[in-house]
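For the sequence shown, this note's numbering gives the first residue as 31, with consecutive numbering after it.
Just so you know, even glycine gets a beta-carbon here, dropped at the ideal spot from N, CA and C.
In this text, all values refer to a predicted model and were calculated from it rather than measured experimentally.
One structure is given here, and the rest of the page talks about it.
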Amino acid sequence: MMPLTPFSPELILPALAVLLSFLMLLLLPGLRLKDHRLLLSFSGAFLLSVTLFELFPEVYTTADTKLTGVFIALGILVQIILEFFSKGAEHGHVHGERRQEYFPWPLFISLGLHAFLEGIPLSENQPVVWGIVVHKIPVALILGGFLLRSGLSGKAAWGFILAFALMTPLGTWVGSFEVISGIYNYLLALVIGMILHVSTIILFESSREHAVNLKKLGAIALGMILAYLL
Numbered sequence: 031m032m033p034l035t036p037f038s039p040e041l042i043l044p045a046l047a048v049l050l051s052f053l054m055l056l057l058l059p060g061l062r063l064k065d066h067r068l069l070l071s072f073s074g075a076f077l078l079s080v081t082l083f084e085l086f087p088e089v090y091t092t093a094d095t096k097l098t099g100v101f102i103a104l105g106i107l108v109q110i111i112l113e114f115f116s117k118g119a120e121h122g123h124v125h126g127e128r129r130q131e132y133f134p135w136p137l138f139i140s141l142g143l144h145a146f147l148e149g150i151p152l153s154e155n156q157p158v159v160w161g162i163v164v165h166k167i168p169v170a171l172i173l174g175g176f177l178l179r180s181g182l183s184g185k186a187a188w189g190f191i192l193a194f195a196l197m198t199p200l201g202t203w204v205g206s207f208e209v210i211s212g213i214y215n216y217l218l219a220l221v222i223g224m225i226l227h228v229s230t231i232i233l234f235e236s237s238r239e240h241a242v243n244l245k246k247l248g249a250i251a252l253g254m255i256l257a258y259l260l
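Shown next as structure tokens:
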């Protein structure tokens, strides 16, 4: 594995995806109110497929299979707990329009921990970088729209987005440490469980009344095909 530098794409691209999406919301306010379900469907299918094509073969050929399954299941449970605090922001569902009087720490901590953990495999899995980048764009658009509508000051909203954008690169950097190598495969299994939960929820919830329509089906198929071609 090549050592990470401050300009490694594994570090830069996920952060840029978040920051540029938020900047687009500021420059194009109409995006805050747009329906992002098709983009969510595409990103969920892309992320799920990259996980199936890249992460599953790696983790099941380099670690104890039964223990790997335990950590994947644990990852699903961890993600369910995180969503108790984030209210589903990881898969594009930020509920509530109530004005924020205080900085939303529970939302930030849960999203930040999710972003940190999903960054761990990126230092050794280049295709997964694109899966995370594609996943972050609709999430950042929906999250950014929520923050801008919530009544938070511009400074607080930018602080939230900037810190959130840096969490995945931080996880990638930590994941590249030699001391992590002994438990890397089980951390990877944990992340797989989290991704499985998030991506499948996206696919089930990204259409009105849970109905599959041709546009959604096309977005899902495109995401799977592009992930395969990586």
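Proximity of residue i and residue j at Cβ, strictly below 8 Å
i: Ile232; j: Ser79; result: no
i: Tyr258; j: Phe83; result: yes
i: Ile150; j: Val204; result: yes
i: Ala119; j: Thr198; result: no
i: Leu196; j: Ala45; result: yes
i: Pro87; j: Phe115; result: no
i: Ile55; j: Leu61; result: It is Leu, not Ile, that sits at residue 55 in the sequence shown. Yes; because the gap between Cβ atoms is below 8 Å, this pair is in contact.
Of the residues the options, the one placed nearest residue i, counting alpha carbons only
i: Val100; options: Ala251, Phe234, Val221, Met254; result: Val221
i: Glu148; options: Pro39, Ala219, Ile255; result: Ala219
i: Glu40; options: Gly161, Tyr216, Glu208; result: Gly161
i: Lys117; options: Phe207, Pro134, Ala186, Ile102; result: Pro134
i: Asp65; options: Leu104, Val169, Leu260, Lys185; result: Val169
i: Tyr132; options: Thr95, Ala187, Pro59, Ser51; result: Ala187
i: Phe52; options: Ile102, Lys96, Leu107, Gly184; result: Gly184
Close beta carbons around residue i, own chain, < 6 Å, minus the five adjacent residues each side
i: Val253; result: The sequence given here has Gly at residue 253, not Val. Correct list, in chain order: Phe72, Ala75, Phe76.
i: Ala93; result: Asn215
i: Val209; result: none
i: Ala47; result: Val163, Lys166, Ile167
Proximal residues to residue i (C-beta, below 8 Å), its chain only, five neighbours per side dropped
i: Tyr90; result: Thr98
i: Pro245; result: A small correction: the amino acid at residue 245 is Lys; Pro does not occupy that position in the sequence shown. If we look at Lys245 and ignore the five residues flanking it on each side, its Cβ neighbours are Leu68.
i: Leu85; result: Pro151, Asn155, Val158, Leu218, Val221, Ile222, Ile225
i: Thr81; result: Val158, Gly161, Ile222, Ile225, Leu226, Ser229
i: Ile250; result: Ser71, Phe72, Gly74, Ala75, Leu233
Same chain only: Cβ atoms within 7 Å of residue i, ignoring 5 sequence neighbours per side
i: Ser38; result: none
i: Leu256; result: Phe76
i: Leu43; result: Val159, Val163
i: Leu104; result: Leu220, Gly223
i: Leu200; result: Phe146, Gly149
Would you check if there are 3 or more beta carbon pairs closer than 8 Å linking the region 77 to 91 to the region 158 to 166? yes
With three or more beta-carbon pairs closer than 8 Å as the criterion, would you say the region 188 to 200 touches the region 167 to 179? yes
The region 136 to 154 / the region 110 to 117 touching (three or more Cβ pairs under 8 Å): yes
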